[in-house]
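Novice:
Protein chains: 2
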Amino acid sequence: MPASWLDIAPDSPFGIATLPYGVFGTESTPAPRVGVAIGDHVLDVAATARALGSSLEGLLTGPTLNPLLAAGPAAWRDVRDAVTTWLTDATLADRVRPHLHDRASARLYLPFEVADYVDFYSCEHHAANVGRIFRPGQPPLTPNWRHLPIGYHGRAGTVVVSGTDVVRPSGQRKGPHDQSPLFGPSTRLDIEAEVGFVVGVPTEPGTRVRVADFADHVFGAFLLNDWSARDLQAWEYVPLGPFLGKSFATSVSPWVVPLAALAEARVAPPARDPEPLPYLRDVEDDPWGLDLRLEVRLNGHLVARPPFAQMYWTPAQQLAHLTVNGARLRTGDIYASGTVSGPERDQRGSLLELAWNGEEPLRLPDGGERSFLADGDRVSITATAPGPQGSVIGFGEVTGRILPARG
Amino acid sequence: MPASWLDIAPDSPFGIATLPYGVFGTESTPAPRVGVAIGDHVLDVAATARALGSSLEGLLTGPTLNPLLAAGPAAWRDVRDAVTTWLTDATLADRVRPHLHDRASARLYLPFEVADYVDFYSCEHHAANVGRIFRPGQPPLTPNWRHLPIGYHGRAGTVVVSGTDVVRPSGQRKGPHDQSPLFGPSTRLDIEAEVGFVVGVPTEPGTRVRVADFADHVFGAFLLNDWSARDLQAWEYVPLGPFLGKSFATSVSPWVVPLAALAEARVAPPARDPEPLPYLRDVEDDPWGLDLRLEVRLNGHLVARPPFAQMYWTPAQQLAHLTVNGARLRTGDIYASGTVSGPERDQRGSLLELAWNGEEPLRLPDGGERSFLADGDRVSITATAPGPQGSVIGFGEVTGRILPARG
């Protein structure tokens with residue numbers, strides 16, 4: 001791993017091995033453009049390519065990552081190699097440096113134009129916790145859970161970038177003791193800590209993506225908070241699934257970590273029983289379990305450390321399932337893992353689980369207590385992964401603050 | 001109602017009172033452009049506006065209806081008035097005529113760029129039939145059904161225009177006697193005859209569209225076939241709703257009928273019991289029930305005449321519900337009514353209902369029998385509505401043919 005000529009703190013999430021892509025603007029030039037995070041800076045990659053006369057400029061121009069996403073694995077490799085060279089070859093430093101901007105003061109935009117958004121439900125600990133809470137006395141997992149990655153389509157138009165405030169949604173709810181449904185602001189507003197994946201290379205209608213071809217289509221990973229109004233969701237979701245309980249907002253991290261940066265994080269997924277159908281089988285020696293370690297903070301307090309490594313279904317299996325019926329992929333399709341929870345209480349990725357449906361409220365170090373989110377609360381999710389030579393790959397954060405419901 | 005200088009058959013679905021919008025190309029000039037159907041012709045409206053020096057040209061240029069959709073009700077009225085004048089003022093005939101193209105040989109494209117796609121479930125007869133079939137011995141409607149228009153997000157990227165072939169999807173299914181799920185082509189491929197609505201004017205995040213403001217946001221209506229693999233759907237849909245059973249294809253008619261053409265079709269919706277919550281109440285003297293009469297044909301044989309007038313929830317209520325949690329609307333958002341079925345057997349809008357889950361196969365006049373779709377089957381849905389002065393407003397058809405599953 002070559003060193004950068006730039007001064008980067010050893011504990012920076014954005015060392016030379018990370019190089020995540022985003023879309024940024026500056027105070028003087030707010031127009032959105034593609035950037036790569038490096039240390040405390042953002043590199044304007046299109047401007048750098050132009051300055052250096054690189055032929056890659058065309059992939060990097062424009063207000064979203066979509067042209068780069070569509071270009072495919074060979075182009076992704078070329079751009080990553082070029083950016084690495086720009087930031088490590090000291091003879092280029094004087095020509096690259098003018099295109100570095102202060103990251104702390106940069107404005108970050110939604111990095112991609114979202115096509116379709118699918119949310120999976122692939123963490124066994126989470127699904128079992130939810131089953132125990134909502135269907136006590138019954139088997140915690142539904143009969144299909146171990147046979148396929150359960151998922152549903154979410155609302156692409158309300159995917160927002162980290163930092164966007166979230167207005168508390170209103171809607172119908174009906175508690176077990178209510179005669180009829182009530183209307184009003186959600187009283188059980190929750191988070192779901194998830195990992196998202198973005199599709200670059202599209203497919204033709206009627207074709208499938210095999211588990212083995214995952215990295216030919218998916219560009220990279222990011223963090224996602226699937227805000228959830230549990231009271232709206234519980235009343236509406238039978239028989240067609242979540243709708244208004246989820247569709248008000250879904251926040252994503254501004255930095256997309258390319259799969260190439262996650263080579264060291266790849267781990268074998270857990271054993272599955274029963275063995276999945278052939279189209280869902282892992283490829284031997286080509287695992288897509290990912291050792292990502294999430295951290296969830298509520299008003300600055302660390303409240304959970306969900307481990308991604310033990311997700312039952314990998315993102316490669318999720319994509320194979322999503323397309324097995326011939327549904328085409330488009331550049332900018334995103335899909336999320338489902339809430340990430342571990343076996344321990346402090347590894348749970350939702351307040352529903354952390355406070356066990358309000359029965360065991362979460363105590364915050366500032367003396368506060370939470371079963372669900374209060375107005376003004378801020379939730380931030382970050383993650384790290386092992387990188388080459390002991391380095392750390394960081395995901396940056398996805399954060400959002402709750403504003404009171406509107407009248 | 002002024003008469004056209006053009007010769008239009010009295011029984012044409014596209015008389016001077018319909019004027020639906022679509023996107024078409026011709027053999028010599030295949031590039032997609034906005035057209036209005038009139039009799040046996042398509043009028044190239046951007047070219048006509050240009051020829052006549054109309055300032056409306058800007059709204060009509062481009063490969064989709066989206067710029068016109070986004071322009072809002074005043075612009076929609078202006079364009080409809082202008083097109084009406086072009087086609088009725090005999091002094092303009094010589095300048096308009098060169099921009100008429102033969103409709104039968106025109107290639108029709110997806111008329112809008114779809115943002116999000118939501119599918120509702122708002123027909124009481126359909127929902128009750130499905131409940132009786134799948135949950136015998138239990139109340140046919142779920143407890144929430146009469147309190148809110150149940151809906152879910154579908155896959156926007158697989159919405160296709162009428163005429164697109166549909167490849168039979170493969171996936172997992174598990175019948176009541178199967179030990180474990182099987183993988184293969186769907187054996188229970190079905191249709192759902194629905195009416196769709198397209199949003200023109202977007203909203204800001206956190207705002208709602210009241211029932212009274214429906215026509216300020218929705219541009220028009222079209223027909224939709226929500227192809228459904230019942231075997232995939234039955235196995236996958238608990239607890240998060242339909243996914244692969246629906247996401248392989250959704251077909252829409254190429255012609256969008258503006259709400260302005262449906263003034264005569266507006267009828268009072270059925271009585272609701274219990275009374276809906278205030279945000280869902282109809283506005284007095286401003287009903288959005290619509291007397292649309294659908295016809296479903298299988299291989300040319302009329303198999304059902306679903307009546308839209310008795311839908312429990314109107315499109316105005318559906319939009320109010322969809323946005324009550326603050327979810328923003330985008331230009332090109334579409335939503336569908338849910339399967340339209342009437343109380344009579346020959347009014348049911350799905351094969352599941354028409355053949356009662358295979359117990360009463362549909363007998364076709366050609367001697368064939370169907371419980372679900374066979375490879376090679378073609379399904380076509382059309383609709384008419386009452387127009388001014390005894391005229392008929394036609395929707396044109398949404399049609400599609402089933403191709404065998406791919407290996």
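Keeping their order, the protein sequence lines are chains Y and P. By full-length UniProt numbering, the letter at position 89 of the first sequence is numbered 89, and the numbering carries on one by one without gaps. By full-length UniProt numbering, the letter at position 19 of the second sequence is numbered 19, and the numbering carries on one by one without gaps. Using N, Cα and C, we set each Cβ at its ideal position, and we do this for glycine too. Since we're looking at a predicted model, the values are computed, not measured.
Jot down the residue ranges of each uninterrupted alpha helix (DSSP H) in the UniProt domain "Fumarylacetoacetase N-terminal" (18-111) of chain Y, minimum 4 residues, whole runs only, in chain order.
Specialist: You should have 45-52, 57-60, 66-71, 73-88 and 93-96.
Novice: Give me the Cβ distance between Thr-250 of chain P and Tyr-117 of chain P, rounded to the nearest whole Å; I'm assuming they're in contact under 8 Å.
Specialist: Looking up residue 250 of chain P in the second sequence gives position 250. Looking up residue 117 of chain P in the second sequence gives position 117. The Cβ separation is near 7 Å, so the contact holds.
Novice: Could you tell me whether the segment 274-292 of chain P touches the segment 84-97 of chain P, using the rule of 3 or more Cβ pairs below 8 Å?
Specialist: No, they do not touch.
Novice: Going straight from the alpha carbon of His-147 of chain P to that of Pro-181 of chain Y, what length do you get?
Specialist: In the second sequence, counting from the first residue as 1, residue 147 of chain P sits at position 147. In the first sequence, counting from the first residue as 1, residue 181 of chain Y sits at position 181. His-147 of chain P and Pro-181 of chain Y: Cα-Cα distance of roughly 8 Å.
Novice: Output needed for Gln-138 of chain Y: all residues of its chain with C-beta closer than 8 Å, excluding positions within five of it in sequence on either side, in chain order.
Specialist: The residue given as residue 138 of chain Y occupies position 138 in the first sequence. Gly-131.
Novice: Give the interface partners of Asp-116 of chain Y over in chain P, defined as CB-CB distance under 7 Å, in chain order.
Specialist: Counting from 1 along the first sequence, the entry for residue 116 of chain Y is found at position 116. Correct list: Arg-155, Ala-156 and Gly-157.
Novice: Which of the residues in the segment 193-226 of chain P, read from start to end, lie with their CB under 8 Å from any CB of chain Y?
Specialist: From the segment 193-226 of chain P, only Pro-205, Gly-206 and Thr-207 have a Cβ closer than 8 Å to chain Y.
Novice: Where do the ends of the beta strand (DSSP E) carrying Gly-400 of chain P lie?
Specialist: Taking the second sequence and counting its residues from 1, the one referred to as residue 400 of chain P is at position 400. Segment 398-403, the beta strand (DSSP E) holding Gly-400 of chain P.
Novice: Near Asn-66 of chain Y, which residues of its chain fall below 8 Å by C-beta distance, leaving aside the five closest residues on each side in sequence?
Specialist: Counting from one through the first sequence, the residue named residue 66 of chain Y turns up at place 66. Phe-112, Glu-113, Thr-331 and Gly-332.
Novice: Is it buried or exposed for Pro-98 of chain Y, if we count other Cβ within 10 angstroms and need 16 for buried?
Specialist: Indexing the first sequence from 1 puts residue 98 of chain Y at position 98. Exposed is the call here.
Novice: Taking 8 Å as the limit between beta carbons, can you name the residues of its chain near Arg-77 of chain Y, skipping five residues before and five after?
Specialist: In the first sequence, residue 77 of chain Y corresponds to position 77, counting from 1. Hits under 8 Å: Ala-260.
Novice: Does any CB atom of chain Y fall closer than 8 Å to the CB of Asn-357 of chain P?
Specialist: Your numbering for residue 357 of chain P matches position 357 in the second sequence. Chain Y contact via Cβ: absent.
Novice: Considering Cα atoms alone, identify which of Y:Tyr-152, Y:Phe-243, Y:Pro-205 and Y:Val-166 is closest to Asn-325 of chain Y.
Specialist: The residue labelled residue 325 of chain Y in the question sits at position 325 within the first sequence. Looking at the Cα atoms, Y:Pro-205 is the closest of the given residues.
Novice: Indicate whether Gly-342 of chain Y and His-125 of chain Y have their beta-carbon atoms separated by less than 8 Å.
Specialist: Along the first sequence, one-based indexing puts residue 342 of chain Y at 342. Along the first sequence, one-based indexing puts residue 125 of chain Y at 125. It is a contact, given that the beta carbons lie within the stated cut-off.
Novice: Within 8 Å, do at least three Cβ pairs link the segment 10-27 of chain P to the segment 391-400 of chain P?
Specialist: Touching, per the Cβ criterion.
Novice: Does the CB of Asp-333 of chain Y have a neighbour CB from chain P at under 8 Å?
Specialist: Stepping through the first sequence from its first residue, residue 333 of chain Y is reached at position 333. Closer than 8 Å: yes.
Novice: Can you tell me whether DSSP reads Ile-334 of chain Y as helix, strand or coil?
Specialist: Indexing the first sequence from 1 puts residue 334 of chain Y at position 334. DSSP places Ile-334 of chain Y in strand when its eight states are reduced to three.
Novice: Below 8 Å, can you find three or more Cβ-Cβ pairs linking the segment 354-367 of chain Y to the segment 308-321 of chain Y?
Specialist: The segment 354-367 of chain Y vs the segment 308-321 of chain Y: no contact.
Novice: Give the interface partners of Ile-150 of chain Y over in chain P, defined as CB-CB distance under 8 Å, in chain order.
Specialist: Indexing the first sequence from 1 puts residue 150 of chain Y at position 150. Glu-236, Pro-239, Leu-240 and Phe-243, listed in chain order.
Novice: So with Cβ pairs under 8 Å, would you call Thr-314 of chain P a contact of chain Y?
Specialist: Here residue 314 of chain P refers to the residue found at position 314 of the second sequence. No, because no Cβ of chain Y sits closer than 8 Å to the Cβ of Thr-314 of chain P.
Novice: Can you tell me the Cβ-Cβ gap for Ala-327 of chain P and Ser-247 of chain Y, rounded? I've got them flagged as a contact below 8 Å.
Specialist: To locate residue 327 of chain P, count along the second sequence from 1; it is residue 327. To locate residue 247 of chain Y, count along the first sequence from 1; it is residue 247. That belief holds up - the Cβ atoms of Ala-327 of chain P and Ser-247 of chain Y are roughly 5 Å apart, short of 8 Å.
Novice: Which residue wins for smallest C-alpha separation from Ala-193 of chain P, given the options P:Val-36, P:Gly-220, P:Gln-347 and P:Leu-19?
Specialist: Along the second sequence, read from residue 1 onward, the residue named residue 193 of chain P stands at position 193. Of P:Val-36, P:Gly-220, P:Gln-347 and P:Leu-19, the residue nearest in Cα terms is P:Gln-347.
Novice: Please state if the CB of Val-167 of chain P and the CB of Pro-254 of chain P are separated by a distance shorter than 8 Å.
Specialist: Position 254 of the second sequence, counted from the first residue, corresponds to residue 254 of chain P. Position 167 of the second sequence, counted from the first residue, corresponds to residue 167 of chain P. No; because the gap between Cβ atoms is not below 8 Å, this pair is not in contact.
Novice: So, are the CB atoms of Asp-11 of chain Y and Gly-39 of chain Y less than 8 Å apart?
Specialist: Translated into positions along the first sequence, residue 11 of chain Y becomes position 11. Translated into positions along the first sequence, residue 39 of chain Y becomes position 39. Cβ distance not < 8 Å, so Asp-11 of chain Y and Gly-39 of chain Y don't count as in contact.
Novice: Considering only the alpha carbon of each residue, which of Y:Val-211, Y:Leu-403 and Y:Gly-196 lies closest to Thr-382 of chain Y?
Specialist: Here residue 382 of chain Y refers to the residue found at position 382 when the first sequence is read from its first residue. The shortest C-alpha separation from Thr-382 of chain Y is found at Y:Gly-196.
Novice: Between Gln-172 of chain Y and chain P, is there a C-beta pair that is closer than 8 Å?
Specialist: In the first sequence, residue 172 of chain Y corresponds to position 172, counting from 1. By this cut-off, Gln-172 of chain Y is an interface position.
Novice: Where DSSP assigns a beta bridge to Ile-381 of chain Y, which residues make up the other side?
Specialist: Along the first sequence, one-based indexing puts residue 381 of chain Y at 381. Per DSSP, Y:Val-296 and Y:Val-398.
Novice: In terms of DSSP beta bridges, what is Arg-272 of chain P paired with?
Specialist: Residue mapping note: residue 272 of chain P aligns to position 272 of the second sequence, counting from 1. Partner(s): none; Arg-272 of chain P has no beta bridge.
Novice: In angstroms, rounded to a whole number, what distance separates the CA positions of residue 408 of chain Y and Trp-227 of chain Y?
Specialist: Residue 408 of chain Y is absent from the model: chain Y starts at 1 and stops at 407.
Novice: Three or more C-beta pairs under 8 Å: does that hold for the segment 281-292 of chain P against the segment 210-219 of chain P?
Specialist: Counting Cβ pairs under 8 Å, three or more are found: they touch.
Novice: So Thr-142 of chain Y contacts chain P; which residues on that side make the cut at Cβ distance below 9 Å?
Specialist: Mapped onto the first sequence, residue 142 of chain Y falls at position 142. Correct list: Val-238 and Pro-239.
Novice: Given this structure, state the Cα-to-Cα distance separating Asp-81 of chain Y from Pro-2 of chain Y, to the nearest angstrom.
Specialist: Residue numbering aside, residue 81 of chain Y sits at position 81 when the first sequence is read from its first letter. Residue numbering aside, residue 2 of chain Y sits at position 2 when the first sequence is read from its first letter. Answer to the nearest angstrom: the Cα atoms are 11 Å apart.
Novice: Looking at the strands, I want to know which residues DSSP matches up with Pro-258 of chain Y.
Specialist: What you label residue 258 of chain Y is simply residue 258 of the first sequence in a count that begins at 1. Per DSSP, Y:Gly-220.
Novice: Comparing C-alpha positions only, which one of Y:Pro-202, Y:Tyr-152 and Y:Val-23 sits nearest to Ala-46 of chain Y?
Specialist: On the first sequence, position 46 is the one that residue 46 of chain Y refers to. Cα-wise, what sits closest to Ala-46 of chain Y is Y:Val-23.
Novice: Output yes or no for whether 8 Å exceeds the beta carbon distance between Leu-223 of chain P and His-301 of chain P.
Specialist: Here residue 223 of chain P corresponds to residue number 223 of the second sequence, with the count starting at 1. Here residue 301 of chain P corresponds to residue number 301 of the second sequence, with the count starting at 1. No, the pair does not count as a contact, with Cβ atoms beyond the cut-off.
Novice: Provide the residue span of the beta strand (DSSP E) that contains Glu-344 of chain Y, from first to last.
Specialist: Here the question's residue 344 of chain Y lines up with position 344 in the first sequence. Careful: Glu-344 of chain Y lies outside any beta strand (DSSP E) and carries neither H nor E.
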